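Scroll down for the structure; my scribbles are underneath it.
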Amino acid sequence: MSLELVLIAAAALFCVGLYGAMSQQVVVMVMMGLELMLNGVILAAGAFWWFLAPAPDGQVLLLVVITAMTVEMAMGFAVAILLHRSRRTDMTDMASDLAG
Amino acid sequence: MLETVLFAALAVLAVAAGVAVFRTDSMARASYALAASFVAVGLMLLQFRLEYIGVITVLMMVMEMAIMAIFMIMFMGMNPALMPMDMVHSKKVAASAAVGLFLLLATGILLADWPEGRAPATGNLTESLGGAVMGSKMLVMLVVSPVLFATLVSALVLANPRGRYAAYPAVPAEDDADDGGNQHGAHADDDGNHHGGHGNHGDGGHQ
Numbered sequence: 735m736s737l738e739l740v741l742i743a744a745a746a747l748f749c750v751g752l753y754g755a756m757s758q759q760v761v762v763m764v765m766m767g768l769e770l771m772l773n774g775v776i777l778a779a780g781a782f783w784w785f786l787a788p789a790p791d792g793q794v795l796l797l798v799v800i801t802a803m804t805v806e807m808a809m810g811f812a813v814a815i816l817l818h819r820s821r822r823t824d825m826t827d828m829a830s831d832l833a834g
Numbered sequence: 087m088l089e090t091v092l093f094a095a096l097a098v099l100a101v102a103a104g105v106a107v108f109r110t111d112s113m114a115r116a117s118y119a120l121a122a123s124f125v126a127v128g129l130m131l132l133q134f135r136l137e138y139i140g141v142i143t144v145l146m147m148v149m150e151m152a153i154m155a156i157f158m159i160m161f162m163g164m165n166p167a168l169m170p171m172d173m174v175h176s177k178k179v180a181a182s183a184a185v186g187l188f189l190l191l192a193t194g195i196l197l198a199d200w201p202e203g204r205a206p207a208t209g210n211l212t213e214s215l216g217g218a219v220m221g222s223k224m225l226v227m228l229v230v231s232p233v234l235f236a237t238l239v240s241a242l243v244l245a246n247p248r249g250r251y252a253a254y255p256a257v258p259a260e261d262d263a264d265d266g267g268n269q270h271g272a273h274a275d276d277d278g279n280h281h282g283g284h285g286n287h288g289d290g291g292h293q
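These protein sequence lines map, in sequence, to chains A and B.
My numbering applies: residue 735 is where the first sequence begins, and numbers increase by one.
My numbering applies: residue 87 is where the second sequence begins, and numbers increase by one.
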């Protein structure tokens, strides 16, 4: 197991998530893409910690990333509920008021 | 060697499950696939001796995906385990961006001159994490706590259908027949309930 191998796996996860976040129309599916991107970030951060600097600071950084993921999910679900209540939809295309 | 094989298998599982999230025909299966991807990453973290982070990743994500599946069933208005779906836009642009970024990242990863010869991780790493969080990194906890609390409040405010004036009595029926009803500040929400008439105009008055 090498750092390069882990980082390539993390990059693959991040890019699959990017595809999902850019292409999906359903809000919850977009959130899944974002989750997958953060999944890759967690893996990469874990690899950096293990291979480069195995100090407690790195684990604290990972905790912050996981917290950010939790916050994103909580707000995402709240926005999905609000969107469904106000527009009767769960599609991002119906909520493009702020686009461009 | 065995460690590398195990890692490679988990990495393939994580990426394949990630791809399956956007390839499967049902949203319920998509959420299970994402949970599988997170479990694989959690097991990979265990290989790095990140026991605490790895275990909470697995536990948190399995529960989160269960909640996500419930959300999909609530919103989709169909059987999410059976109905095929292909709700995408800008498919080619998204695929090009993802593949391009992966090639860029892979090139950087393989060409970078990574440092070698780090000090090995020793001792009880979970205990040292706890010591850091409660000691030298206490500021991180102090910042994270209000952020989580603010998230709780914000999520409830966004998701709560009852505004400040929801407890007020409904507008009398005769206002419904009045063509100028809206001019008096009457406002109907999506459930057909009528609020207002108290000087609050528009949605802003309900916040």
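Beta carbons are placed, not taken as given, at the ideal position from N, Cα and C, and that holds for glycine.
For clarity, every value in this text was computed on a predicted model and none was experimentally measured.
- Taking a cut-off of 8 Å on C-beta distances, the stretch 111-123 of chain B touches the stretch 144-155 of chain B, as three or more cross pairs fall below it.
- In this structure, A/S757 is the residue among A/S757, A/Y753, A/A802 and A/I742 with its C-alpha nearest to the C-alpha of B/M173.
- The count of Cβ pairs closer than 8 Å, one atom from the stretch 741-757 of chain A and one from the stretch 771-782 of chain A, reaches three, so the stretches are in contact.
- In the DSSP assignment, A/M825 is bridged to A/V760.
- For the stretch 765-776 of chain A, the beta-carbon criterion of a distance under 7 Å to any beta-carbon of chain B is satisfied by M766, E769, L770, N773 and I776.
- Counting only the Cα atoms, B/V219 lies some 22 Å from B/Q133.
- Considering only A/A814, A/D831 and A/L797, the residue with the shortest C-alpha distance to A/V764 is A/A814.
- The Cβ neighbour count for B/A103, taken over all protein chains shown within 10 Å, is at least 16; the residue is labelled buried.
- The C-alpha of B/V101 is placed about 20 Å away from the C-alpha of B/G194.
- According to the DSSP assignment, B/R109 belongs to the alpha helix (DSSP H) that extends over L88 to R109.
- Contact note: B/T237 reaches chain A through V805, A808 and M809, using a C-beta cutoff of 7 Å and chain order.
- Your pair A/V760 and B/L234 does not check out as a contact, with CB atoms roughly 27 Å apart and the cut at 8 Å.
- For B/T212, the enclosing alpha helix (DSSP H) has its first and last residue at L211 to M220.
- In the DSSP assignment, B/S182 falls within the unbroken alpha helix (DSSP H) covering K177 to L197.
- Close to B/T193, with beta-carbon spacing below 9 Å, lies no residue of chain A; the smallest spacing is near 10 Å.
- Going by DSSP, B/P232 is part of the alpha helix (DSSP H) stretching over M224 to A245.
- Put simply, the CB of A/M828 is far from chain B, with every gap to its CB atoms at 8 Å or more.
- Only buried fits B/S117, as 16 or more other CB atoms lie within 10 angstroms of its CB.
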